[in-house]
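Enquirer: Take a look at this one; I'll ask things after.
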Amino acid sequence: MENFPVIDLSKLNGEERALTMELIHDACENWGFFELVNHGISHDLMDTVERLTKEHYMKCMEQRFKEMVESNGLEAVQSEINDMDWESTFFLRHLPASNMHEIPDLEDDYRKAMKEFAVGLQKLAEQMLDLLCENLGLQKGYLKKVFYGSKGPNFGTKVSNYPPCPKPDLIEGLRAHTDAGGIILLFQDGKVSGLQLLKDDQWVDVPPMKHSIVINLGDQLEVITNGKYKSVMHRVIAQTDGNRMSLASFYNPGDDAVIYPAPSLVEKEAEKNQIYPKFVFDDYMKLYVGLKFQAKEPRFEAMKAMESTVTPGAIATV
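29 is the number of the first residue of the sequence shown in this note's numbering; add one for each residue after it.
Here's what the structure looks like:
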């Protein structure tokens with residue numbers, strides 16, 4: 029198996045720009061995942077976010093998780109569990125409006141660090157979308173405009189901890205799925221592994237790397253690129269030791285954004301015809317909630333059956 033793609037984003041500014049763009053394109057086309065280094069987000073800020081996230085878990089989340097495990101009898105299970113994940117999570121919404129003030133138990137310094145971190149991640153997400161446009165031959169800003177809808181994109185962070193698990197052979201940290209949204213930026217634990225993606229029918233580890241940001245593509249980018257770039261099944265394996273931290277930030281289309289294959293990409297591959305549906309993002313999310321841990325293809329087919337309800341006037345124009 030070839031090595032997991034790691035891309036030095038600072039090389040976009042020098043003689044290796046063309047090679048770096050090629051590496052990004054290859055990673056999007058053949059992996060759906062890649063790891064960024066020198067991405068412009070301060071290492072000091074990342075260290076602060078990691079420290080405060082782990083402190084918050086120990087102070088406010090760990091006991092709740094232990095109580096959940098006890099109440100569900102998970103420590104004594106003897107057979108495989110297929111309807112539950114071994115994770116402790118909460119969600120921070122950044123756009124279109126922050127819910128940071130509504131989350132209980134967050135210390136002021138943690139809120140401040142997460143707000144600053146979200147600003148850096150949003151900038152990086154939008155930079156990556158423009159790089160994808162460049163590689164795909166789309167007009168600069170095309171993806172951002174499609175994502176915008178009428179009120180701007182949805183952007184938020186799922187803060188997760190994966191505590192040590194006594195029976196990792198019987199329960200996964202997070203069951204296999206593709207992500208519903210647009211582009212995902214993951215700040216994962218620099219020491220404890222567990223994230224895997226499915227490539228060529230084999231599960232491949234996404235290596236923990238200090239101060240990196242892992243990028244993966246969601247279902248919406250697969251639709252917009254008409255399948256040139258695909259979302260990829262991934263999962264988190266529970267571990268017997270170590271507490272894995274994961275901050276997954278989702279830069280997604282706005283609720284009323286209309287998602288459909290970019291016309292120029294359909295024209296370039298005319299022999300394939302347009303194989304992906306046109307739909308309102310919020311409709312897709314409503315369907316996804318109940319089908320997250322199933323194959324994505326039936327979701328696309330269900331959206332295709334609803335296409336007649338999408339009004340042409342709502343389509344973002346570029």
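C-beta: ideal position from N, C-alpha, C; glycine also.
Please read these numbers as outputs of a predicted model, since none were measured by experiment.
Going along the chain, which residues of its own chain have a beta-carbon closer than 7 Å to the beta-carbon of Ser-240, five neighbours each way excluded?
Expert: Excluding positions up to five away in sequence, the list reads Glu-63, Leu-64 and Val-65.
Enquirer: Compute the Euclidean distance between the alpha carbons of Ile-69 and Leu-319, then round it to the nearest angstrom.
Expert: Rounded to the nearest angstrom, the two C-alpha atoms are 34 Å apart.
Enquirer: So Met-96 is in the alpha helix (DSSP H); what residue range does that whole segment cover?
Expert: Start and end: 90-99.
Enquirer: Do the stretch 131-145 and the stretch 237-254 meet, that is, are 3 or more Cβ pairs less than 8 Å apart?
Expert: No contact exists between the stretch 131-145 and the stretch 237-254.
Enquirer: Just checking Glu-162 against the ligand FMN - is the residue's beta carbon closer than 7 Å to any of the ligand's heavy atoms?
Expert: Annotation note on the ligand FMN: not contained in the displayed structure, which lists no ligands.
Enquirer: Skipping 5 residues on each side, what residues in its chain have a beta carbon closer than 8 Å to that of Val-105?
Expert: If we look at Val-105 and ignore the five residues flanking it on each side, its Cβ neighbours are Lys-195, Leu-198 and Ile-199.
Enquirer: Measuring straight from C-alpha to C-alpha, what distance separates Asn-110 and Arg-203?
Expert: So the two alpha carbons sit approximately 8 Å from each other.
Enquirer: Hey, Phe-32 and Val-234: beta-carbon distance below 8 Å or not?
Expert: Yes. Within cutoff.
Enquirer: Can you tell me which of the three DSSP states Val-105 falls into?
Expert: Of the three classes helix, strand and coil, the one that applies to Val-105 here is coil, per DSSP.
Enquirer: By the DSSP assignment, the beta strand (DSSP E) with Glu-83 in it spans what residues?
Expert: That residue, Glu-83, is in no beta strand (DSSP E); its alpha helix (DSSP H) goes 71-84.
Enquirer: So is Phe-278 buried or exposed if we call it buried at 16+ other beta carbons inside 10 Å?
Expert: Per the 10 Å Cβ criterion, buried.
Enquirer: In the DSSP assignment, find the unbroken alpha helix (DSSP H) run with Asp-310 in it and report its ends.
Expert: 309-319 is the span of the alpha helix (DSSP H), which, as asked, contains Asp-310.
Enquirer: If you reduce the DSSP assignment to three classes, tell me which class Phe-215 lands in.
Expert: Here Phe-215 sits in strand by DSSP.
Enquirer: How big is the Cα-Cα spacing for Thr-345 and Asp-310?
Expert: Low local confidence applies: a pLDDT of 36 at Thr-345 is under 50, so the model's placement there is unreliable, and no value is given.
Enquirer: Name the DSSP bridge partner or partners of Ala-276?
Expert: Partner(s): Lys-186 and Leu-214.
Enquirer: Given His-122, which residues of its chain have a CB within under 6 Å of its CB, disregarding the five upstream and five downstream residues?
Expert: Contacts found: Ala-146, Phe-183 and Gly-184.
Enquirer: Where Gly-222 and Arg-272 are concerned, what is the direct C-alpha to C-alpha distance, given to the nearest angstrom?
Expert: Cα to Cα, Gly-222 sits roughly 8 Å from Arg-272.
Enquirer: Out of Phe-307, Gly-270 and Gly-210, which has the shortest C-alpha to C-alpha gap to Asp-284?
Expert: It is Phe-307.
Enquirer: Which one of Gly-101, His-67 and Leu-120 has the shortest CA to CA distance from Ser-38?
Expert: Answer by Cα proximity: His-67.
Enquirer: For Phe-119, decide whether its Cβ has a neighbour in chain D, counting only Cβ atoms nearer than 8 Å.
Expert: No chain D is part of this structure, which consists of one protein chain only.
Enquirer: In terms of residues, what are the limits of the beta strand (DSSP E) holding Asp-137?
Expert: Counting along the chain, Asp-137 falls outside any beta strand (DSSP E), though it belongs to the alpha helix (DSSP H) covering 136-164.
Enquirer: What are the residues that DSSP puts in a beta bridge with His-262?
Expert: In DSSP, His-262 forms a bridge with His-205 and Leu-225.
Enquirer: Which partner residues does Ile-303 have in the DSSP bridge list?
Expert: Its beta-bridge partners do not exist; DSSP assigns none.
Enquirer: Which stretch, first to last residue, makes up the beta strand (DSSP E) that contains His-53?
Expert: Not the beta strand (DSSP E): His-53 falls in the alpha helix (DSSP H), residues 45-58.
Enquirer: Quick check: the stretch 126-136 against the stretch 154-169, are there 3 or more CB pairs under 8 Å?
Expert: Flag = no, the stretch 126-136 and the stretch 154-169 do not touch.
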